[in-house]
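Undergrad: Chains as they are written, first to last, in the numbering used here: chain P, 734 to 974; chain S, 105 to 336.
Glycine included, C-beta positions come from ideal geometry on N, C-alpha and C.
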Amino acid sequence: MSATSDALVAHGVSRRFGPRTVVREVSLALADGDCLALFGPNGAGKTTLLRLLGGLLRPHGGTVTLHGHTLPGDADTRRLLGVVSHKSMLYDALTVRENVTFAAECQGVRDVRSAVDRVLDLLLVRDREHQPVRALSRGLQQRVSVARALVHGPRLVLCDEPYTGLDDVGARALTGALRALKAAGATVVLITHNLSEGLELATHAAIMRDGRFVHEAGRPTDGFDLPSFAAHYRALIAGGE
Amino acid sequence: MSTGYRSPSFLRDSWRIARKDLRIEFRTRSGFLSASVFALLSVAIFRFSWDPTAVRSLDLAPGVLWVIFTFSGLLGLNRSFGVEHADRAMDALLASPVSREAIFAGKALGNLVFVLGVQALALPTVALFFGLPLGPGWLAVVAVAVLAAIGLVAVGTLFSAIASNTRLAEMLLPMLALPFFVPVLIPAAQATAAMLAERPLADAVPWLKILGAFDIVFVAACTVAFPFTLEE
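(1) Please go through the stretch 265-326 of chain S and give each complete beta strand (DSSP E) segment of 3 or more residues, from N-terminal end onward.
(2) Does valine 202/S have its Cβ less than 7 Å from a Cβ in chain P?
(3) For proline 112/S, go through chain P and note every residue whose CB falls closer than 8 Å to its CB, in chain order.
(4) So that I know if they touch, is there some Cβ in chain S lying closer than 7 Å to that of alanine 826/P?
(5) First and last residue of the beta strand (DSSP E) that includes serine 138/S?
(6) Please classify valine 250/S: does DSSP put it in a helix, a strand, or coil?
(7) Quick one: what does DSSP say aspartate 195/S is sitting in, helix, strand or coil?
(8) Are leucine 312/S and alanine 295/S touching if we call contact CB-CB under 7 Å?
(9) Would you kindly work out how many angstroms separate the C-alpha atoms of aspartate 809/P and glycine 801/P, rounded to a whole number?
(10) To the nearest angstrom, report how far apart glutamate 838/P and alanine 249/S are at their CA atoms.
(11) Could you compute how far the alpha carbon of alanine 293/S sits from the alpha carbon of tryptophan 170/S?
(12) Is valine 230/S helix, strand or coil by DSSP?
(13) Using a Cβ-Cβ cutoff of less than 7 Å, which residues in the same chain neighbour alanine 267/S once the five nearest sequence positions on both sides are dropped?
(14) Is any beta-carbon of chain P found at less than 7 Å from that of isoleucine 266/S?
(15) Let me know if alanine 253/S comes out buried or exposed under the rule of 16 or more other beta-carbons within 10 Å of its beta-carbon.
(16) Here's a check: name, in chain order, each residue in its chain whose Cβ is nearer than 6 Å to the Cβ of alanine 963/P, leaving out the five neighbours to either side.
(17) Since glycine 795/P contacts glycine 745/P with CB under 8 Å, what's their CB separation in whole angstroms?
(18) So, for serine 129/S: in the same chain, excluding its five sequence neighbours on each side, which residues have a beta-carbon less than 7 Å away from its beta-carbon?
(19) If we call anything under 7 Å between Cβ atoms a contact, is leucine 911/P one with leucine 891/P?
(20) Based on the DSSP secondary-structure assignment, which residues constitute the bridge partners of alanine 938/P?
(21) Taking C-beta to C-beta, are aspartate 163/S and methionine 822/P nearer than 7 Å?
(22) Distance check for histidine 885/P and alanine 848/P, CA to CA, integer angstroms please.
(23) Going by alpha carbons, who is nearest to glycine 766/P out of Ala740/P, Thr798/P, Val817/P and Val845/P?
(24) Using a Cβ-Cβ cutoff of less than 7 Å, which residues in the same chain neighbour valine 858/P once the five nearest sequence positions on both sides are dropped?
(25) Excluding five sequence neighbours on each side, which residues of the same chain lie with their C-beta closer than 8 Å to the C-beta of proline 85/S?
(26) By how many angstroms is the C-alpha of phenylalanine 946/P removed from the C-alpha of alanine 265/S?
(27) Restricting to Cα atoms, I'd like to know which of Lys211/S, Ile149/S and Phe173/S is closest to alanine 122/S.
(28) For aspartate 854/P, which residues in chain S fall below 9 Å Cβ to Cβ?
(29) Quick check on glycine 745/P: does DSSP put it in helix, strand or coil?
(30) State the Cα-Cα distance for the pair serine 146/S and glutamine 223/S, rounded to the nearest angstrom.
(31) DSSP puts glycine 794/P in a beta bridge; with which residues?
(32) DSSP on aspartate 860/P, reduced to helix/strand/coil?
(33) Taking glutamate 838/P as part of the alpha helix (DSSP H), name the residues at either end of that continuous run.
(34) List the endpoints of the continuous beta strand (DSSP E) containing serine 203/S.
(35) Compute the Euclidean distance between the alpha carbons of alanine 258/S and alanine 196/S, then round it to the nearest angstrom.
(36) Just the C-alpha distance for tyrosine 824/P and aspartate 860/P, rounded to the nearest angstrom, thanks.
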């Protein structure tokens with residue numbers, strides 16, 4: 734998988750946990766505005782790969798670079814990152830606004846108030862801004878979590894099953910936010926088990942199993958073939974490959 | 105989404121993290137409440153098991169104070185990184201421009217305020233229950249308590265970060281931290297005894313020097329070691 738002007742590059746990345754190798758020499762290159770949808774069965778190594786791509790884990794082999802800087806990198810490099818996970822990464826005793834404001838301040842955003850207002854509007858949670866996170870439903874918490882990750886306008890957005898718990902409204906808001914970021918030139922890596930959600934935004938797609946990419950597909954012009962990709966995925970999940 | 109960014113600032117980031125932790129503690133009050141109840145119950149138990157005809161209150165009080173400070177402080181330290189791991193908020197912090205050292209300093213500052221809060225409650229309670237004279241020596245005792253709290257919090261924050269990555273965090277933290285508390289607790293208890301007895305300041309100075317030296321060593325060593333505790 735390669736792109737012409739690379740924003741995110743992983744070269745031969747591997748990671749072990751004890752004796753078990755969870756990610757095996759994975760390589761990828763994504764340009765600004767690209768979106769990689771990553772599929773695979775549970776335990777395939779997707780989340781570990783995502784954490785490696787975000788510099789949250791150090792690889793035991795290979796390198797990950799973001800706009801030419803090796804991750805985890807310095808403060809300016811880390812500021813390019815936004816991470817969304819199925820865990821909310823929020824403080825449940827704080828309100829929606831306090832959580833997103835804290836994230837914006839940690840990212841060094843200058844005009845915190847307007848950045849927070851904008852992202853709360855984008856994710857349709859402005860009306861809940863003064864409620865503590867623990868009082869929200871799972872889906873609303875996930876929207877706030879996305880707002881937290883996007884408040885500083887990241888250039889690389891790593892999403893680990895971000896649609897978990899979202900209703901239709903929340904899912905559409907998330908897709909809209911990711912699409913806007915992509916259009917603004919951000920790179921997106923998206924882990925999901927839902928083919929239609931994943932491929933709606935994807936310019937690239939890959940299926941992971943046993944820590945490796947076992948099937949990859951590029952842009953539509955390069956032969957991105959949804960039915961064929963879906964067939965591969967279903968065959969893998971069914972244990973047919 | 106914003107385009108203007110500030111450069112990271114160690115002091116600003118540390119304060120922001122401490123303020124966030126204190127706000128969470130103020131909202132939930134779970135840590136302070138349990139530490140306060142523990143402190144008050146401990147004072148009561150020590151008081152009613154004390155035989156004033158066998159041991160003078162001035163001899164017993166320093167030990168009582170430091171047992172209470174130590175274990176009630178541990179209750180707060182246990183929670184310090186628990187709030188970061190509950191929903192993996194730590195990942196968001198680590199992926200942000202905030203330095204690891206600022207995270208440590210912020211956590212330690214929040215813990216210091218917590219421990220000082222518990223001390224502020226326990227100190228007059230012990231004085232009341234044990235009938236200690238409230239002379240000028242008490243200001244010096246407060247100063248010793250603050251000085252010792254710095255060392256205890258530095259070590260406790262580091263080991264709280266280590267322990268919170270395990271399933272046995274609440275059991276592991278005391279096992280890891282208590283041996284490292286000893287170099288702080290011995291001079292603190294000795295200096296407290298000298299102050300309460302209103303002995304000349306010169307009697308306490310050697311202990312205060314040891315306490316200060318361990319504070320410096322622990323704060324520096326724990327700040328340097330902290331980023332390594334975050335590696336998985």
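TA: A quick look at the data gives this:
(1) none
(2) Reading the second sequence from its first residue, position 98 is the one you call residue 202/S. At least one beta carbon of chain P lies nearer than 7 Å to the beta carbon of valine 202/S.
(3) Within the second sequence, the letter at position 8 stands for residue 112/S. Simply Ala808 and Gly841.
(4) One-based indexing of the first sequence puts residue 826/P at position 93. Interface residue, yes.
(5) Your numbering for residue 138/S matches position 34 in the second sequence. Unbroken run through serine 138/S is the alpha helix (DSSP H), 134-152; no beta strand (DSSP E).
(6) The residue labelled residue 250/S in the question sits at position 146 within the second sequence. If DSSP states are grouped into helix, strand and coil, valine 250/S belongs with the helices.
(7) Counting from 1 along the second sequence, the entry for residue 195/S is found at position 91. In this structure, aspartate 195/S counts as helix in the three-state DSSP scheme.
(8) As a position in the second sequence, residue 312/S is number 208, starting the count at 1. As a position in the second sequence, residue 295/S is number 191, starting the count at 1. Cβ distance < 7 Å, so leucine 312/S and alanine 295/S count as in contact.
(9) Taking the first sequence and counting its residues from 1, one reaches residue 809/P at position 76. Taking the first sequence and counting its residues from 1, one reaches residue 801/P at position 68. One C-alpha to the other measures close to 12 Å.
(10) Counting from one through the first sequence, the residue named residue 838/P turns up at place 105. Counting from one through the second sequence, the residue named residue 249/S turns up at place 145. Rounded to the nearest angstrom, the two C-alpha atoms are 33 Å apart.
(11) Position 189 of the second sequence, counting from 1, holds the residue named residue 293/S. Position 66 of the second sequence, counting from 1, holds the residue named residue 170/S. When the Cα atoms are used, alanine 293/S and tryptophan 170/S turn out to be separated by approximately 7 Å.
(12) Working through the second sequence from its first residue, we reach residue 230/S at position 126. Residue state, collapsed to three classes: helix.
(13) Locating residue 267/S in the second sequence gives position 163, counting from the first residue. The beta carbon of alanine 267/S lies closer than 7 Å to those of Ala273, Leu276, Leu277 and Leu280 in the same chain, with the five residues before and after it left out.
(14) By 1-based counting over the second sequence, the position of residue 266/S is 162. Closer than 7 Å: no.
(15) As a position in the second sequence, residue 253/S is number 149, starting the count at 1. Buried: at least 16 other Cβ atoms inside 10 Å.
(16) To locate residue 963/P, count along the first sequence from 1; it is residue 230. Within the same chain, alanine 963/P has close Cβ partners Leu928.
(17) The count along the first sequence starts at 1 and reaches residue 795/P at position 62. The count along the first sequence starts at 1 and reaches residue 745/P at position 12. Their Cβ separation, rounded to whole angstroms, is 4 Å, which keeps glycine 795/P and glycine 745/P in contact under 8 Å.
(18) Taking the second sequence and counting its residues from 1, the one referred to as residue 129/S is at position 25. Note on identity: in this sequence residue 129/S is glutamate, with serine being the wrong assignment. These residues qualify, in order along the chain: Gly135, Phe136 and Phe218.
(19) In the first sequence, residue 911/P corresponds to position 178, counting from 1. In the first sequence, residue 891/P corresponds to position 158, counting from 1. No, Cβ-Cβ distance for leucine 911/P and leucine 891/P is not below 7 Å.
(20) Position 205 of the first sequence holds residue 938/P. For alanine 938/P, which the question treats as bridged, DSSP gives the partners Ala770/P and Ala950/P.
(21) On the second sequence, position 59 is the one that residue 163/S refers to. On the first sequence, position 89 is the one that residue 822/P refers to. In this structure, methionine 822/P does not lie closer than 7 Å to aspartate 163/S by Cβ.
(22) Mapped onto the first sequence, residue 848/P falls at position 115. Mapped onto the first sequence, residue 885/P falls at position 152. When rounded, the distance between both Cα atoms is 7 Å.
(23) By one-based count along the first sequence, residue 766/P stands at place 33. Minimum Cα distance to glycine 766/P is reached at Ala740/P.
(24) The count along the first sequence starts at 1 and reaches residue 858/P at position 125. Correct list, in chain order: Val829, Leu873, Arg876, Val877 and Ala880.
(25) Lying outside 105 to 336, the shown extent of chain S, residue 85/S is not represented and no answer is given.
(26) Translated into positions along the second sequence, residue 265/S becomes position 161. Translated into positions along the first sequence, residue 946/P becomes position 213. Counting only the Cα atoms, phenylalanine 946/P lies some 35 Å from alanine 265/S.
(27) As a position in the second sequence, residue 122/S is number 18, starting the count at 1. When each option's Cα is compared against that of alanine 122/S, the closest is Lys211/S.
(28) Taking the first residue of the first sequence as position 1, residue 854/P is located at position 121. Under the 9 Å cutoff, chain S gives no residues; its nearest Cβ is about 11 Å from aspartate 854/P.
(29) Within the first sequence, numbered from 1, the residue matching residue 745/P stands at position 12. Three-state DSSP puts glycine 745/P in a strand.
(30) Within the second sequence, the letter at position 42 stands for residue 146/S. Within the second sequence, the letter at position 119 stands for residue 223/S. So the two alpha carbons sit approximately 13 Å from each other.
(31) Here residue 794/P is taken as the residue at index 61 of the first sequence, counted from 1. Bridge partners of glycine 794/P: Ser747/P.
(32) One-based indexing of the first sequence puts residue 860/P at position 127. Here aspartate 860/P sits in helix by DSSP.
(33) On the first sequence, position 105 is the one that residue 838/P refers to. First-last of the alpha helix (DSSP H) with glutamate 838/P: 829-839.
(34) Stepping through the second sequence from its first residue, residue 203/S is reached at position 99. Note, serine 203/S: premise wrong, no beta strand (DSSP E); not H, not E.
(35) As a working mapping, residue 258/S is identified with position 154 in the second sequence. As a working mapping, residue 196/S is identified with position 92 in the second sequence. Approximately 23 Å, taken between the alpha carbons.
(36) Counting from one through the first sequence, the residue named residue 824/P turns up at place 91. Counting from one through the first sequence, the residue named residue 860/P turns up at place 127. One C-alpha to the other measures close to 19 Å.
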